[in-house]
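Numbered by full-length UniProt numbering, the letters in the sequence shown go through residues 1 to 281 in order.
Yeah, the Cβ is synthetic: ideal placement off N, Cα and C, and Gly gets one too.
Take a look at the structure set out below.
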Amino acid sequence: MNLSALRRGLGSSLVQAVLVVIGLLWLTPLAGLLVSSLRSAQDTAKGGWWTAITSPGQLSFDNYTSLLGNAGMTQAFWNTVLISVPTTFLVVAIAALAGYAFAWLEFPGRDALFLLVVALLVVPVQIGLLPVAKLFGQLGLFGTIPGVVLFHVSYGLPFAIFLLRNYFAEIPREMLEAARMDGGNEWRIFTRLVLPVGRPALASLAIFQFLWVWNDMLVALLFADSSSQPLTVELQSQIRQFGSNIDVLAPGAFLSLIVPVAVFFAFQRHFVQGVMAGSVK
Numbered sequence: 001m002n003l004s005a006l007r008r009g010l011g012s013s014l015v016q017a018v019l020v021v022i023g024l025l026w027l028t029p030l031a032g033l034l035v036s037s038l039r040s041a042q043d044t045a046k047g048g049w050w051t052a053i054t055s056p057g058q059l060s061f062d063n064y065t066s067l068l069g070n071a072g073m074t075q076a077f078w079n080t081v082l083i084s085v086p087t088t089f090l091v092v093a094i095a096a097l098a099g100y101a102f103a104w105l106e107f108p109g110r111d112a113l114f115l116l117v118v119a120l121l122v123v124p125v126q127i128g129l130l131p132v133a134k135l136f137g138q139l140g141l142f143g144t145i146p147g148v149v150l151f152h153v154s155y156g157l158p159f160a161i162f163l164l165r166n167y168f169a170e171i172p173r174e175m176l177e178a179a180r181m182d183g184g185n186e187w188r189i190f191t192r193l194v195l196p197v198g199r200p201a202l203a204s205l206a207i208f209q210f211l212w213v214w215n216d217m218l219v220a221l222l223f224a225d226s227s228s229q230p231l232t233v234e235l236q237s238q239i240r241q242f243g244s245n246i247d248v249l250a251p252g253a254f255l256s257l258i259v260p261v262a263v264f265f266a267f268q269r270h271f272v273q274g275v276m277a278g279s280v281k
């Protein structure tokens, strides 16, 4: 082995070692939360979660049994699912249709409408909270899950449309023209050609949207009532009684964290493809 090959090997090993250390540091809070969720309130009061490494007898699933028996936490979990999943689906579906239209369809006012969409990107969510809350109150949507979903969809669409329009615009025109010459209409071209080609971008957008909605507390804190509040709001209310309900709070927090982590790792291949797509075209 020559000197240059040896240097490359050492450099690669060093990079891998650094990445492993970073990965372990990133996973340490998750591991700590998992261990804490498996310890009793008495053991948690006696010492840190790392003491369970030498005393594994502290670990049990009793906390998760208590969590399943807590009506507020279980209802909040399903409320989070009912908010996050429809919001993600609607944002991706509507943005995909709008992105294709802005990229490849000719219609009056297309450029002006797209500039309006881009302008909406700079509007902070906080500006629309009170006016939209007043509007939802008049429409009977305030304090309901559909109201929270509608708010997230409305504020998620500008970025989603901007992202997918730019991605779809990179599709070679020759592919679309060949499909039209073969007799394909716009809907068939969109579903059979554009969507498969844009799958990495769609997956990346879905991951971002799901994570943002799942972890949101500001919108839910204002627009959801006690019967429709998601897990983030329920956990925040449980923190007020932290000393007496750690056996419910810790597994609830771990459940709130592990779901988006699992979603990310499940779709990480598509996410990486979406991020790198612009550099390989």
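* **Nearest-angstrom beta carbon gap, Asp62 and Ser84 [assumed within contact, 8 Å]** => As a first step, residue 84 is located in the sequence shown; it is residue number 84 there, counting from the start. As a first step, residue 62 is located in the sequence shown; it is residue number 62 there, counting from the start. Contact flag wrong, Cβ pair sits at about 28 Å.
* To do: Let me know the secondary structure DSSP gives Gly183 once reduced to three states.
  => As a first step, residue 183 must be located in the sequence shown, where it is residue number 183. Three-state result, Gly183: coil.
* Asked: Quick one: any contact between the stretch 213 to 224 and the stretch 12 to 21, if contact means 3 or more CB pairs under 8 Å?
  -> no
* To do: Indicate whether Gln236 and Val92 have their beta-carbon atoms separated by less than 8 Å.
  => The count along the sequence shown starts at 1 and reaches residue 236 at position 236. The count along the sequence shown starts at 1 and reaches residue 92 at position 92. No, the pair does not count as a contact, with Cβ atoms beyond the cut-off.
* Whole runs of the beta strand (DSSP E) within the stretch 27 to 84, excluding any shorter than 3 residues -> none
* To do: Starting from Gly143, follow its DSSP beta bridges and name the residues at the other end.
  => As a working mapping, residue 143 is identified with position 143 in the sequence shown. Beta-bridge pairing links Gly143 to Ala224.
* Asked: In terms of alpha-carbon separation, which member of Trp26, Ala206, Leu164 lies closest to Val197?
  -> Along the sequence shown, read from residue 1 onward, the residue named residue 197 stands at position 197. That would be Leu164, whose Cα lies nearest to the Cα of Val197.
* Asked: Under three-state DSSP, which class holds Gly215?
  -> Position 215 of the sequence shown, counted from the first residue, corresponds to residue 215. Here residue 215 is Asn; the residue named in the question, Gly, does not match the sequence. Of the three classes helix, strand and coil, the one that applies to Asn215 here is coil, per DSSP.
* Run of the alpha helix (DSSP H) containing Leu105, from where it starts to where it stops -> For the purposes of this step, residue 105 is taken as residue 105 along the sequence shown, with counting starting at 1. Where Leu105 is concerned, there is no enclosing alpha helix (DSSP H), given that its DSSP letter is neither H nor E.
* How many Å lie between Trp50 and Leu38 at the Cα? -> Here residue 50 is taken as the residue at index 50 of the sequence shown, counted from 1. Here residue 38 is taken as the residue at index 38 of the sequence shown, counted from 1. Approximately 12 Å between the Cα atoms of the pair.
* To do: Report yes if the C-beta distance between Leu202 and Phe162 is below 8 Å; otherwise report no.
  => Looking up residue 202 in the sequence shown gives position 202. Looking up residue 162 in the sequence shown gives position 162. No. Outside cutoff.
* Please classify Leu19: is it buried, with 16 or more other beta-carbons within 10 angstroms of its beta-carbon, or exposed? => Counting from 1 along the sequence shown, the entry for residue 19 is found at position 19. Counting Cβ neighbours within 10 Å, Leu19 comes out exposed, since fewer than 16 surround it.
* Kindly indicate which three-state DSSP category Ile171 falls into: helix, strand or coil? => For the purposes of this step, residue 171 is taken as residue 171 along the sequence shown, with counting starting at 1. Coil at Ile171, not helix or strand.
* In whole angstroms, what separates the C-alpha of Val117 from that of Leu24? -> Reading the sequence shown from its first residue, position 117 is the one you call residue 117. Reading the sequence shown from its first residue, position 24 is the one you call residue 24. Answer to the nearest angstrom: the Cα atoms are 40 Å apart.
* **Of the listed residues Leu30, Val81, Leu68, Gln42, nearest to Gln229 (C-alpha basis)** => On the sequence shown, position 229 is the one that residue 229 refers to. Looking at the Cα atoms, Val81 is the closest of the given residues.
* To do: Answer with buried or exposed for Asp247, where buried requires no fewer than 16 other C-beta atoms within 10 angstroms of its C-beta.
  => For the purposes of this step, residue 247 is identified with residue 247 of the sequence shown, where counting begins at 1. Asp247 counts as buried, since at least 16 other C-beta atoms from the protein chains shown sit within 10 angstroms of its C-beta.
* Identify which residue in Phe264, Leu255, Phe267, Ser227 has its Cα closest to the Cα of Gly72. => Taking the sequence shown and counting its residues from 1, the one referred to as residue 72 is at position 72. Distances from the CA of Gly72 to each of Phe264, Leu255, Phe267, Ser227 were compared; the closest alpha carbon is that of Ser227.
* Tell me whether Phe267 sits in a helix, a strand or coil according to DSSP, three-state version. => By 1-based counting over the sequence shown, the position of residue 267 is 267. Of the three classes helix, strand and coil, the one that applies to Phe267 here is coil, per DSSP.
* Would you grab the beta carbon distance between Gly99 and Phe190 for me? Rounded to a whole angstrom, and I think it's under 8 Å. => One-based indexing of the sequence shown puts residue 99 at position 99. One-based indexing of the sequence shown puts residue 190 at position 190. Not confirmed; about 10 Å, so no contact.
* **Cβ shell of Pro260 (< 6 Å), same chain only, five flanking positions each side left out** => Locating residue 260 in the sequence shown gives position 260, counting from the first residue. For Pro260, where only same-chain residues beyond five positions count, the Cβ hits under 6 Å are Leu211, Trp214.
* Does DSSP classify Leu121 as helix, strand or coil? -> In the sequence shown, residue 121 corresponds to position 121, counting from 1. If DSSP states are grouped into helix, strand and coil, Leu121 belongs with coil.
* Asked: Any idea if Ala266 is buried or exposed, counting beta-carbon neighbours within 10 angstroms, 16 or more meaning buried?
  -> By 1-based counting over the sequence shown, the position of residue 266 is 266. Answer is exposed; the Cβ neighbour count stays below 16.
* To do: Taking Leu157 as the reference, give the member of Leu30, Arg269, Val123, Leu255 with the closest Cα.
  => Counted from its first residue, the sequence shown places residue 157 at position 157. Nearest of Leu30, Arg269, Val123, Leu255 to Leu157, Cα basis: Val123.
* From Leu6 to Ala17, what distance separates their C-alpha atoms? -> Reading the sequence shown from its first residue, position 6 is the one you call residue 6. Reading the sequence shown from its first residue, position 17 is the one you call residue 17. Residue placement at Leu6 cannot be trusted, given a pLDDT of 49 that sits under 50; what the coordinates show is reported in the next sentence. Each residue's alpha carbon lies about 16 Å from the other.
* Asked: With distances taken between CB atoms, is the gap from Thr87 to Val149 smaller than 8 Å?
  -> For this step, residue 87 is matched to residue 87 along the sequence shown. For this step, residue 149 is matched to residue 149 along the sequence shown. Yes, they are a contact pair.
* Asked: Rounded to whole angstroms, how far is the Cβ of Leu195 from the Cβ of Ala179, which I believe are closer than 8 Å?
  -> Walking along the sequence shown from the start, residue 195 turns up at place 195. Walking along the sequence shown from the start, residue 179 turns up at place 179. About 13 Å; that fails the 8 Å criterion.
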